[in-house]
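Just so you know, we're using this note's numbering here: the sequence shown kicks off at 200 and counts up by one.
Cβ coordinates follow ideal geometry from the N, Cα and C atoms, glycine included.
As the structure is a computational prediction, the values presented were derived from the model and not from experiment.
As structure tokens, the structure follows; a few thoughts come after it.
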Amino acid sequence: MGKAITLLRVPVHDVTYAETLIAIGQFIAEGGAHQLCTVNPEFVMAAQEDADFMAILRNADLCVPDGIGLLWAARMLRQPLRERVAGSDLAPMIAAEAASRQWRVFFLGAGEGVAAKAASILKARHPELIVAGVWAGSPHPNDDEAAIEKICAAGPHILFAAYGAPAQDKWIARNRDRLNVPVMMGVGGSLDFIAGTATRAPRWMQRIGLEWLHRLAHQPWRWKRMLALPRFAVAVARESVISDR
Ligand code: UDP
200 MGKAITLLRV PVHDVTYAET LIAIGQFIAE GGAHQLCTVN PEFVMAAQED
250 ADFMAILRNA DLCVPDGIGL LWAARMLRQP LRERVAGSDL APMIAAEAAS
300 RQWRVFFLGA GEGVAAKAAS ILKARHPELI VAGVWAGSPH PNDDEAAIEK
350 ICAAGPHILF AAYGAPAQDK WIARNRDRLN VPVMMGVGGS LDFIAGTATR
400 APRWMQRIGL EWLHRLAHQP WRWKRMLALP RFAVAVARES VISDR
């Protein structure tokens with residue numbers, strides 16, 4: 200696995216998509232419970248004000264660099280990351296790998312019917328995919344028990360949790376010891392993209408680092424959360440000036 204750098208105290212592993220899939224295979228071979236987080240600038244800024252979330256990211260087994268802003272920041276701090284590993288691209292890749300390696304996948308969260316639709320679309324794409332279970336539930340701790348029961352009965356190798364950040368990552372962290380799931384990953388809106396209930400930016404926008412702009416145009420209510428982007432840029436620039444002194 201690639202080394203980790205830290206951006207404003209948040210670890211980010213210098214991994215590629217291919218290396219992430221290899222790491223997932225290793226976690227499954229090892230067994231136990233592992234948490235994978237898809238870090239972007241919103242995560243980093245949220246963690247500055249949320250000690251729980253910071254601890255979760257620092258304790259995660261793998262933090263992939265989701266979010267082009269992290270790559271810019273890493274370059275500025277002269278600790279470049281090789282590749283953006285977007286959770287929304289990674290989740291379908293993991294499903295493809297799971298199908299060929301007979302890893303059982305559980306889909307937790309997302310809106311009404313979305314996880315089931317995403318699972319059936321992936322199953323149509325990869326007929327060998329084993330959908331261990333689907334459960335919408337909610338990120339509220341009162342609903343943990345029901346979800347844990349379903350997941351333990353299903354015995355998946357991989358759990359996709361779609362409650363948005365940081366709720367999904369907190370869900371995994373507080374329940375991981377009760378679940379014998381080798382790979383647990385917060386997938387944000389990925390199931391909506393697979394199910395077609397949300398659309399991703401066109402490839403050309405992703406390529407030039409403007410996926411966030413597409414998101415802002417389609418989900419304008421996110422503007423407040425997205426202020427994390429300029430705040431992140433300023434905080435990293437400040438850190439880079441300090442480290443140059
Ligand atoms: N979600 C949910 N329950 C909640 C909050 C969110 O199931 O209480 C789901 C939501 O329907 C969506 C997913 O969480 O499918 C991720 O939402 P979002 O796009 O906001 O997450 P992000 O990508 O920003 O982490």
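Between the CA atoms of residue j and residue i - distance to the nearest angstrom
i	j	result
M244	P429	10 Å
V284	L269	11 Å
A318	R437	43 Å
S287	P326	21 Å
D260	R303	20 Å
A360	E311	14 Å
I371	M384	8 Å
D342	A427	30 Å
I329	D368	24 Å
E296	Q418	31 Å
I347	P365	19 Å
I223	R208	24 Å
L390	V313	7 Å
G354	G395	27 Å
I407	L280	16 Å
E241	L289	18 Å
Check: residue i C-beta below 8 Å from any heavy atom of the ligand UDP
i	result
V313	yes
W247	Before going further, note that residue 247 is Gln rather than Trp in the sequence given. Checking every heavy atom of the ligand UDP against the Cβ of Q247, none is found closer than 8 Å.
E241	yes
G268	no
A232	no
S319	no
A361	yes
Q405	no
G308	yes
G395	no
S299	no
P264	no
G388	yes
Any non-hydrogen atom of the ligand FMN closer than 8 Å to residue i Cβ
i	result
D391	Within the structure as shown, the ligand FMN is missing, the only ligands being the ligand UDP.
Neighbourhood of residue i by C-beta, 7 Å cutoff - its chain only, sequence neighbours within 5 removed
i	result
G201	H212, D213, V214 and E218
G336	L307, G308, D342, A345 and A346
A294	V304, L321, H325 and L328
L415	R421, W422 and M425
Sheet register partners of residue i (DSSP bridge)
i	result
C262	C236
G194	Because the chain spans 200 through 444 in this model, residue 194 falls outside it and cannot be assessed.
A360	L307 and G385
I204	V211
I329	R303
Close beta carbons around residue i, own chain, < 8 Å, minus the five adjacent residues each side
i	result
T398	F392 and H417
M275	V435, A436 and S439
E229	P381
M404	E410, L412 and H413
Beta-carbon contacts of residue i that lie in its chain and below 6 Å, excluding the five residues immediately before and after
i	result
A246	V209, F252, M253 and L256
T237	V263, D265 and G286
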